[in-house]
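Novice: For what it's worth, the numbering used here labels the leading residue of the sequence shown as 1232, then goes sequentially.
Note that beta-carbon positions come from the ideal geometry of N, C-alpha and C, so glycine has one too.
In this text the structure is predicted, and so the values were computed from the model without any measurement.
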Amino acid sequence: MVKQFLIVAALVLALRLPFFNQAIQGDDPYYLYGAEHAQIDPLHPTHTQYIFMGDLVDMRGHPHPPLNSWILGVLLAVFGDVREAQFHLAYIAFSLIAAAAMLALARRFTSRPLLATLLFVAVPAFLVNGNSFEADLPFLAFWMSAVGLFVLAVDSRSGFMLAAAAAAAGLAGICAYQAIFLTPILAVYLWQQRSKWAVAWVCIFTAPAVLLSWQLWERLTSGTLPASVLAGYLSSYDLESAKRKAGAVVALIVHFGWIVSPLIVLAAMRKSRKWQLGAAAAAAAGAALYDPNPLFWFSFACGVWLLCWCFNRGFLGWWVLIFFGCAVAVFFVGSARYLLPVAAPVCILTAEAVPSRWAAAGFIAQLPLALALAIVNYQHWNGYREFAAKLASESAPRRVWISADWGLRWYLEDKGGLPLRKNRIIQAGETVVTSELANPTLPGVPLAPIAQAEITPRIPLRLMSLSGRSAYSVGANGFLPFEISSAPIDRLRAEIAIEPKLTYVDPAAPGAASQIVSGLSPDGWMGAEARVLVKAPLHPQPFEITVYVPENAKARHIRVLLGGETAIDKDLPGPGLFTFTAPAASSSPRVFVTVAVDKTFSVPGDARTLGVVLRGIGFRL
């Protein structure tokens, strides 16, 4: 047991440590909001509000109880700020706990415990979502511990183990609502063991009892049941519609087919019953009519077959069927991570059912795929972190409104940005950052681009993308387990609300700051590139720019773009004061000007990159 655990632990660490600096992602910000509020009100971390889809919502309606926010709150108190590396290193403990519990269960139910546990570690959702601060891995760790300790307690009739199982189930209950599924699953084990141990029968209700106690505590201390707030949001956002639920069922079946490698599923099919093969064939045919992409109909067929195959598979089969049935009834999104609690029984059953060489081949095939998906996931969220940092360093100080979500929102908020609410009036000179993937709230004012970026990892796999065909997290236009594609994941834009008043901008003049977009200091120094907004004159006037090239400046060429079109492209013969003009006619009341020079330099004591001194730019009236 110890040797096997060391092997598993070494693999888990080898897979987790390269991602220790994973950027904030997905729903991480919501848990972190709770962690921040826990510093003020430790007993009520969800007694706060945040912007969701442009609306101000009550976090008591968050679809998870507060344990994960408490855990993050402790880390926040210890480290003093959100630090990705330190937090991820701490969260590795949950992966190790889940893997250890899996090994213990596998030793109880299969003759190939190490192989089954390796399959568990290679589950794509375990590897990908284990690198987040969402509740999935803490919940999985407590869920697996509860089942493993309960089985051990019943087998040995150990009161100590039963108490430990109850504690783990209680923690699972305060981590995720779906912990209540433990009750029927553990009841099946007691029933199959013909156990009359009354204390054990009581123990199976620990998770719902803890969850109910928390609900009552919230009702007594705040006057509101979190479950009622959640129900209100599910209704108001139409999250329980029949169409959405049907899509969630399809997506869950597709993801179920990828818990283990399809190689293992195909190997297990060789000894399958005819009705199970018939169900899979019918599922494949029906799915192909909806979407002929083989990745969809093949995955759907594998999922259907696995579900059928779990019938008459003892306790592990019932574990799968009960959880999946409850998941179908409860979840409104078919995310792959929602099936992590059934990864253990699937891995154990398939490891026992197929020849070792097939199981090993499945592991060898699945692990690189899961790792590649994790790398793409890392690059996706890191793209948001880099964009936010670049925007903060290059743009002039101004209010930033965030019409985006997930990690991009977190990093922009960390730089002082504010989430954009619906119907918010954006003032001239304010910046709006949007993510095309996140269905941004439209600000309703004219905008001019400041910066943009496209997130396109080189590995041709996508968990999320602008096409929306992958249902890994949430599928908008398809039900693929992942996409095989090189298309962009997201396009990011930073734009400025344009209502300029000055037709000619002197950087040192009063009021000029609101029309300086980026790259230009109040003293007139610009870097390699500067962006300015100017008001178009009522009648056509020539455009003019005046720059001063000091003796120590290295710039020898200047290029000016008006509204994205080149208007001036001139050499700078040397030091001196230069004025350039160009004819300009604009049908817009505002003109976005970009000025670029070919070379920059720096001086001691000044952190800026310096190009030339811009004395004035725009239309002289």
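Among V1535, L1345, S1749 and A1473, which one has its Cα closest to the Cα of P1680?
Specialist: Counting from 1 along the sequence shown, the entry for residue 1680 is found at position 449. For the residues V1535, L1345, S1749 and A1473, the minimum Cα distance to P1680 belongs to S1749.
Novice: Taking the beta strand (DSSP E) that P1835 belongs to, which residues open and close that run?
Specialist: Indexing the sequence shown from 1 puts residue 1835 at position 604. Unbroken run through P1835: none, as it is neither H nor E.
Novice: Could you check how far apart the C-beta atoms of F1357 and C1406 are, in whole angstroms? I think they sit under 8 Å.
Specialist: The count along the sequence shown starts at 1 and reaches residue 1357 at position 126. The count along the sequence shown starts at 1 and reaches residue 1406 at position 175. Not quite, the Cβ-Cβ distance comes to about 16 Å (not below 8 Å), so this is no contact.
Novice: Counting only beta-carbon separations shorter than 8 Å, does G1401 have a partner in chain B?
Specialist: This model lacks chain B altogether, as it is built from one protein chain only.
Novice: For K1427, which of helix, strand or coil comes out of DSSP?
Specialist: For the purposes of this step, residue 1427 is identified with residue 196 of the sequence shown, where counting begins at 1. Coil.
Novice: Give the straight-line distance between the Cα atoms of K1621 and L1649, rounded to the nearest whole angstrom.
Specialist: Here residue 1621 refers to the residue found at position 390 of the sequence shown. Here residue 1649 refers to the residue found at position 418 of the sequence shown. Each residue's Cα considered, the two are about 17 Å apart.
Novice: Taking the runs of the alpha helix (DSSP H) that are 4 residues or longer, which of them lie wholly in the region 1585-1672?
Specialist: Within the region 1585-1672, the complete alpha helix (DSSP H) runs of at least 4 residues are 1587-1625 and 1637-1645.
Novice: Can you check which of these residues, A1403, P1355 and E1315, is closest to Q1597 by C-alpha distance?
Specialist: The count along the sequence shown starts at 1 and reaches residue 1597 at position 366. It is P1355.
Novice: Is the beta carbon of A1479 less than 8 Å from the beta carbon of V1564?
Specialist: Numbered from its first residue, the sequence shown carries residue 1479 at position 248. Numbered from its first residue, the sequence shown carries residue 1564 at position 333. Against a cut-off of 8 Å, the Cβ pair of V1564 and A1479 comes out as a contact.
Novice: Here's the rule: buried if 16 or more other CB atoms are within 10 angstroms of the residue's CB, otherwise exposed. What is Q1253?
Specialist: The residue labelled residue 1253 in the question sits at position 22 within the sequence shown. Flag for Q1253 reads buried.
Novice: What runs of the alpha helix (DSSP H), each 4 residues or longer, lie entirely inside the region 1682-1748?
Specialist: If we require 4 residues or more, the region 1682-1748 turns out to have no alpha helix (DSSP H) run fully inside it.
Novice: Taking the straight line between their C-alpha atoms, what separation do you get for M1500 and A1316?
Specialist: Taking the first residue of the sequence shown as position 1, residue 1500 is located at position 269. Taking the first residue of the sequence shown as position 1, residue 1316 is located at position 85. Cα-Cα distance, rounded: 43 Å.
Novice: Smallest Cα separation from I1715: which of R1722, G1794, E1726 and P1688?
Specialist: Counting from 1 along the sequence shown, the entry for residue 1715 is found at position 484. Answer by Cα proximity: P1688.
Novice: Going by Cα to Cα distance, which pick from W1540, E1471 and V1491 is closest to K1505?
Specialist: Looking up residue 1505 in the sequence shown gives position 274. Minimum Cα distance to K1505 is reached at W1540.
Novice: Just the C-alpha distance for V1288 and K1502, rounded to the nearest angstrom, thanks.
Specialist: The residue given as residue 1288 occupies position 57 in the sequence shown. The residue given as residue 1502 occupies position 271 in the sequence shown. Straight-line Cα distance between these residues: approximately 52 Å.
Novice: With a threshold of 16 other CB atoms inside 10 Å of the CB of P1753, please say whether the residue is buried or exposed.
Specialist: For the purposes of this step, residue 1753 is taken as the residue at position 522 of the sequence shown. When all chains shown are included, P1753 counts as exposed.
Novice: Would you mind working out which of F1351, L1334, V1352 and N1362 sits nearest T1322, comparing C-alpha positions?
Specialist: Walking along the sequence shown from the start, residue 1322 turns up at place 91. Position check: residue 1322 holds Tyr in this sequence, whereas Thr was assumed. Of the listed residues, the one whose Cα sits closest to Y1322 is N1362.
Novice: Considering only residues of the same chain and omitting the five flanking positions on each side of A1395, which have a CB-CB separation below 7 Å?
Specialist: Stepping through the sequence shown from its first residue, residue 1395 is reached at position 164. So the list reads L1380, once near-sequence residues are dropped.
Novice: Using CA coordinates, which residue listed in L1345, A1786, S1819 and G1795 is at the minimum distance from L1845?
Specialist: Within the sequence shown, residue 1845 is the residue found at index 614, counting from 1. Selected option, being the one with the closest Cα: A1786.
Novice: Can you tell me where the beta strand (DSSP E) holding M1757 begins and where it ends?
Specialist: Stepping through the sequence shown from its first residue, residue 1757 is reached at position 526. Counting along the chain, the beta strand (DSSP E) containing M1757 begins and ends at M1757 to K1766.
Novice: From the DSSP output, in three-state form, read off F1412 for me.
Specialist: As a position in the sequence shown, residue 1412 is number 181, starting the count at 1. Helix at F1412.
Novice: Tell me, please, whether the region 1574-1584 touches the region 1333-1347 by the rule of three or more beta-carbon pairs shorter than 8 Å.
Specialist: Touching, yes.
Novice: For a quick check, are the C-beta atoms of F1710 and V1481 less than 8 Å apart?
Specialist: By one-based count along the sequence shown, residue 1710 stands at place 479. By one-based count along the sequence shown, residue 1481 stands at place 250. For F1710 and V1481, yes; Cβs fall inside 8 Å.
Novice: For the candidate residues R1722, N1360 and G1758, whose alpha-carbon lies nearest to that of S1833?
Specialist: Counted from its first residue, the sequence shown places residue 1833 at position 602. When only C-alpha atoms are compared, the closest one is G1758.
Novice: Give me the residue from Y1262, A1308, R1839 and A1324 with the minimum Cα distance to S1626.
Specialist: The count along the sequence shown starts at 1 and reaches residue 1626 at position 395. Nearest of Y1262, A1308, R1839 and A1324 to S1626, Cα basis: R1839.
Novice: Can you tell me which residues form a DSSP beta bridge with H1788?
Specialist: Mapped onto the sequence shown, residue 1788 falls at position 557. Answer by DSSP bridge pairing, in chain order: D1802.
Novice: Please give me, in chain order, every unbroken run of the alpha helix (DSSP H) with length at least 4 that falls completely inside the region 1457-1519.
Specialist: Runs of the alpha helix (DSSP H) inside the region 1457-1519: 1457-1467, 1473-1487 and 1493-1500.
Novice: Report buried or exposed for H1278, applying the criterion of at least 16 other Cβ atoms within 10 angstroms of its Cβ.
Specialist: Counting from 1 along the sequence shown, the entry for residue 1278 is found at position 47. When all chains shown are included, H1278 counts as buried.
Novice: Taking the beta strand (DSSP E) that T1277 falls in, what are its first and last residues?
Specialist: By one-based count along the sequence shown, residue 1277 stands at place 46. That residue, T1277, is in no beta strand (DSSP E); it is neither H nor E in DSSP.
Novice: According to the Cβ coordinates, are A1220 and W1536 closer than 8 Å?
Specialist: Past the edges of the chain, shown from 1232 to 1852, lies residue 1220, and the structure says nothing about it.
Novice: Applying the criterion that 16 or more other CB atoms from any shown protein chain within 10 Å of the CB defines a buried residue, is A1725 buried or exposed?
Specialist: Taking the first residue of the sequence shown as 1, we reach residue 1725 at position 494. So A1725 ends up on the buried side.
Novice: Need the endpoints of the beta strand (DSSP E) that Y1779 sits in, please.
Specialist: The sequence position of residue 1779 within the sequence shown is 548, counting from 1. Run containing Y1779: F1774 to V1780, per the beta strand (DSSP E) assignment.
Novice: Any idea what DSSP makes of P1296, helix, strand or coil?
Specialist: Walking along the sequence shown from the start, residue 1296 turns up at place 65. Residue state, collapsed to three classes: coil.
Novice: With the cut-off set at 8 Å, would you say G1488 and G1548 are in Cβ contact?
Specialist: Numbered from its first residue, the sequence shown carries residue 1488 at position 257. Numbered from its first residue, the sequence shown carries residue 1548 at position 317. Going by C-beta atoms, G1488 is not nearer than 8 Å to G1548.
Novice: T1810 bridges to which residues according to DSSP?
Specialist: On the sequence shown, position 579 is the one that residue 1810 refers to. Answer by DSSP bridge pairing, in chain order: T1777.
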